[in-house]
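Right, one structure below, let's go through it.
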């Protein structure tokens, strides 16, 4: 084929492609107008305008777009508050492709899901990071098929809620929980959580006091296994009180059986907690054995001093 003829064929093919895209863009804009028509109007003959205005007014932190099966943006609407936050205007999106927005691997993944929407007519939902000029933002995205009167899928509606703040809170919460967990593992107090008299959580200090090499081994144990026989009836009463308590129980001293059968005295504080929607008891035990020994020694010294004073006073009589 002569070069001129080939160029002419390429131009014709390009024109046909442009015309096809324009038709699809017109159809997409017509459909998208269901969201935008009537915005800013409070009256008129259009009976949908007030409903559409109410919908648009309620769409906070929302992005909506219409795409073809190849990932081309045919139309877009963004909450104005997001425009400045993202550093991106809808005019900069329409006419571009998903490959222009996302990294290559992510773009291909989005396009595959988009094509599944076209081929299967199914709705897809996911949470995904979206790169913008002002940084990475998170979207909770729903992709739904848009069909013509014959039922053929002609475009896809991508409706996304910005959940960046929620994701940040989740991340901060995870960090706080990790920090809290680290603190629990470092404190010297013995901490256990139990339900129906069975241990469901124990920190490192508790497992070491019990003479176990892993806190996981304490899960499922009866709390009474750790209690000295002299204190078991007292602990049983405390468990019954705790099961109906609405706040912390008063501190109380109890005897426990520690590593190698060694007995120690613990100052116990317990209170009910909610764990996974179920009621449980959080118990913190502080080993006060040495403190008690010092107090007893101090009392003995006071008694000896008192006895010595009485003897001295008698000798002077």
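In the working numbering, the protein residues as written are 262 to 578.
For glycine and all other residues, C-beta sits at the position ideal for the given N, C-alpha and C.
Quick caveat: nothing in here was measured; it's all calculated off a predicted structure.
Using only CA atoms, which one of 339, 375, 455 lies nearest to residue 536? Taking the first residue of the chain shown as 1, we reach residue 536 at position 275. When each option's Cα is compared against that of residue 536, the closest is 455.
Is the beta carbon of residue 358 sitting closer than 8 Å to the one on residue 389? In the chain shown, counting from the first residue as 1, residue 358 sits at position 97. In the chain shown, counting from the first residue as 1, residue 389 sits at position 128. Going by C-beta atoms, residue 358 is not nearer than 8 Å to residue 389.
CA nearest to the CA of residue 423, picked from 555, 562, 321: One-based indexing of the chain shown puts residue 423 at position 162. The shortest Cα separation from residue 423 among 555, 562, 321 belongs to 321.
Does the region 531 to 546 come within contact of the region 502 to 517, defined as at least 3 CB pairs closer than 8 Å? yes
To the nearest angstrom, how far is the alpha carbon of residue 556 from that of residue 538? In the chain shown, residue 556 corresponds to position 295, counting from 1. In the chain shown, residue 538 corresponds to position 277, counting from 1. Rounded to the nearest angstrom, the two C-alpha atoms are 43 Å apart.
To the nearest angstrom, report how far apart residue 544 and residue 563 are at their CA atoms. Position 283 of the chain shown, counting from 1, holds the residue named residue 544. Position 302 of the chain shown, counting from 1, holds the residue named residue 563. Their Cα atoms are separated by approximately 35 Å.
Tell me which same chain residues have a C-beta within less than 7 Å of the C-beta of residue 403, skipping the five on either side of it? Counted from its first residue, the chain shown places residue 403 at position 142. Within the same chain, residue 403 has close Cβ partners 384, 386, 420.
Quick check on residue 586: buried or exposed, where buried means 16 or more other Cβ atoms within 10 Å of its Cβ? Residue 586 cannot be examined here, being either before or after the span of the chain that is shown, 262 to 578.
Contained beta strand (DSSP E) runs [length at least 3] in the region 391 to 463, N- to C-terminal order: 396 to 408, 414 to 423, 451 to 456, 459 to 463
Is it buried or exposed for residue 324, if we count other Cβ within 10 angstroms and need 16 for buried? Taking the chain shown and counting its residues from 1, one reaches residue 324 at position 63. Under this definition residue 324 is a buried residue.
Best match in 499, 560, 379 for proximity to residue 407 [C-alpha to C-alpha]: As a working note, residue 407 is residue 146 in the chain shown. Measuring from the Cα of residue 407, the nearest candidate turns out to be 379.
Evaluate the contact criterion for the region 545 to 555 versus the region 444 to 451: three or more CB pairs, one atom per stretch, below 8 Å. Between the region 545 to 555 and the region 444 to 451, the count of C-beta pairs closer than 8 Å reaches three or more; the two stretches touch.
For residue 335, the nearest candidate out of 417, 374, 491 (CA to CA): The residue given as residue 335 occupies position 74 in the chain shown. Measuring from the Cα of residue 335, the nearest candidate turns out to be 417.
Name the residue from 366, 393, 373, 327 whose alpha carbon lies nearest to the alpha carbon of residue 350. The residue given as residue 350 occupies position 89 in the chain shown. Closest option to residue 350, Cα to Cα, is 393.
Sequence-distant residues of its chain with Cβ nearer than 7 Å to residue 360 (five each side left out): Here residue 360 refers to the residue found at position 99 of the chain shown. 332, 368, listed in sequence order.
With distances taken Cα to Cα, identify the nearest neighbour of residue 480 among 491, 465, 433. Here residue 480 refers to the residue found at position 219 of the chain shown. The candidate whose alpha carbon is nearest that of residue 480 is 465.
The alpha helix (DSSP H) enclosing residue 540, as first and last residue numbers: On the chain shown, position 279 is the one that residue 540 refers to. First-last for residue 540: 539 to 548, but that is the beta strand (DSSP E), not the alpha helix (DSSP H).
Residue 337 lies in the alpha helix (DSSP H); which residues open and close that run? Along the chain shown, one-based indexing puts residue 337 at 76. Here residue 337 belongs to no alpha helix (DSSP H); instead the beta strand (DSSP E) covers 334 to 339.
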